[in-house]
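So for the sequence shown, this note's numbering puts the first residue at 268; every next one is plus one.
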Amino acid sequence: MLSQLTPVCPQPLLNQAQALPAMATAVVNAGSELALESAKLAFEASIIVPILVGNIAAIQKAAQAIEWNIDQFELIASESEEDSAAKAVQCVHQGMAKLLMKGHLHTDVLIRALLNKEHGLRTGERLSHLFHMSVPDSDRVLCITDAVVNVSPDTKTQLSILRGATDVMHAVGNLKPKVALLSATEVVTQAMPSSMAAKELLAAMSDQDHQAADVFGPLAFDGAMSPEAAKIKGITHSVAGHADVLLVPNIETGNAIFKQLVYFNGATAAGVLMGAKVPVILTSRADPPAARLASAALAVVYAHYLSEK
């Protein structure tokens, strides 16, 4: 049942990132082989210029282990995960970095640094996460949000998630993304809280939100993804069967869908953290190189879009 396909970085996304100037990127707590391998992949693809933040000796040891000459890069010493996160955020404030890449540290440590009231990178929007999913030999891209950060988002948080996802879709060239508000039904009923949440989110959207994206829900997964299922169910909305983005009601739903696509379909999951002043390249230890490179490419394209917005 598990896919035997080898994940690949989607070429259109990589091409889009490579058409932009390589972006200065602070790698947070870079003193591990995996963190440096991710930075090396993106640097060798000509999409980032890394600033390596962390324990200098650990960074140099890891660089030697992966046979990467890092003499040309700036190294910033730090004493702990927390110190690395704070100094990486400071790089953004000082204009040294336009992007952050999570290295060898806990995600919650990085998020606390982003949300620090005095020195963080708050924007007024909630932090959220998006997966850009692509399958080998398929032109279709599906985005899933939020499968990483927000456990059970309320309407206000879902609105931030929607706006972040819309911006990412605009950045990659989809100027009117079709967003499905996922549930297990197409009928609004109090017995299904996610259907009520979809109704409330639609009511909370501004005219600008509606102009930026084509949003509809509640929709079950088949109604969102399959034109045939949508036709059989009698759902005539333009989003039905053609969703570009699945806005999920909770983290469990999003996590399950993205992992099913990865492990059953061989999908490449490019992940980016949204809602801060700059995007954050967020990868996990289990991610293959293709996903780590795709995550960097997505974040570079998104960061450039935000800088021009």
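Yeah, the Cβ is synthetic: ideal placement off N, Cα and C, and Gly gets one too. Computed from a predicted structure; not experimentally measured.
1. With a cut-off of 8 angstroms on the beta carbons, I'd call Leu513 and Ala491 a contact; round off their distance for me.
2. I'd like to know whether the C-beta atoms of Val482 and Leu429 end up nearer to each other than 8 angstroms.
3. For the candidate residues Leu382, Ser574, Ala325 and His386, whose alpha-carbon lies nearest to that of Glu392?
4. Taking a contact to mean a Cβ-Cβ separation below 8 angstroms, would you say Leu269 touches Phe525 in this structure?
5. With the cut-off set at 8 angstroms, would you say Gly298 and Ala332 are in Cβ contact?
6. Starting from the C-beta of Lys500, find all residues in its chain whose C-beta is less than 7 angstroms away, skip the five residues before and the five after it, and write them out in chain order.
7. Hey, is the segment 502 to 521 in contact with the segment 470 to 489, meaning 3+ C-beta pairs nearer than 8 angstroms?
8. Quick one: grab the DSSP three-state call for His571.
9. Give me the residue from Val418, His371 and Val529 with the minimum Cα distance to Asn322.
10. Where does the unbroken alpha helix (DSSP H) through His360 begin, and where does it stop?
11. Alpha carbon to alpha carbon, how far is Glu311 from Gln327? Give it in angstroms, no decimals.
12. Quick check on the burial criterion: 16 or more other C-beta atoms within 10 angstroms. Buried or exposed for Lys307?
13. With a 10 Å radius around its C-beta and 16 neighbouring C-beta atoms as the bar for buried, classify His571 as buried or exposed.
14. What are the boundary residues of the beta strand (DSSP E) that His399 is part of?
15. In three-state terms, what does DSSP make of Ile411?
16. Examine the ligand GTP and report whether any of its heavy atoms sits within less than 7 angstroms of the Cβ of Leu573.
17. Hey, Cys276 and Leu560: beta-carbon distance below 8 angstroms or not?
18. Going by alpha carbons, who is nearest to Thr456 out of Ser405, His437, Leu486 and Asn417?
19. Report the partner residues of Lys445 according to the DSSP bridge assignment.
20. Measure the C-alpha to C-alpha separation of Pro420 and Leu272 and round it to an integer number of angstroms.
21. Whole angstroms are fine: how far does the CA of Val547 sit from the CA of Val359?
22. Identify the residues that DSSP records as bridge partners of Ile428: which are they?
23. Of the choices Thr390, Gly484 and Asn517, whose alpha-carbon is the least far from that of Asn417?
24. Starting from the C-beta of Val506, find all residues in its chain whose C-beta is less than 6 angstroms away, skip the five residues before and the five after it, and write them out in chain order.
25. If you count every other CB in all the chains shown that lies within 10 Å of the CB of Gly362, and 16 or more means buried, which is it?
26. Give the straight-line distance between the Cα atoms of Arg580 and Ser401, rounded to the nearest whole angstrom.
27. Looking at C-alpha atoms only, which residue of Leu342, Val568, Ala523 and Arg552 is the closest neighbour of Met541?
28. So, helix, strand or coil for Ile524, using DSSP?
Working from what's here:
1. 6 angstroms
2. Less than 8 angstroms divides the Cβ of Val482 from the Cβ of Leu429.
3. Leu382
4. no
5. no
6. Glu453 and Gly490
7. Taking 8 angstroms as the limit for Cβ pairs, the verdict is that the segment 470 to 489 does touch the segment 502 to 521.
8. helix
9. His371
10. Glu348 to His360 is the span of the alpha helix (DSSP H), which, as asked, contains His360.
11. In this structure, the alpha-carbon of Gln327 lies about 18 angstroms from that of Glu311.
12. buried
13. Buried: at least 16 other Cβ atoms inside 10 Å.
14. Ser395 to Ser401
15. In the structure shown, Ile411 adopts extended strand secondary structure according to DSSP, grouped into three states.
16. The ligand GTP is not part of the structure shown, which contains no ligands of any sort.
17. Cβ atoms of Cys276 and Leu560: closer than 8 angstroms.
18. Comparing C-alpha distances from Thr456 to each of Ser405, His437, Leu486 and Asn417 shows the shortest one belongs to Leu486.
19. Asp481
20. 34 angstroms
21. 11 angstroms
22. According to DSSP, Ile428 bridges with nothing at all.
23. Asn517
24. Hits under 6 angstroms: Lys445, Ala447, Asp481 and Phe483.
25. exposed
26. The shown model of the chain, from 268 to 576, leaves out residue 580, and the question about it has no answer.
27. Val568
28. helix
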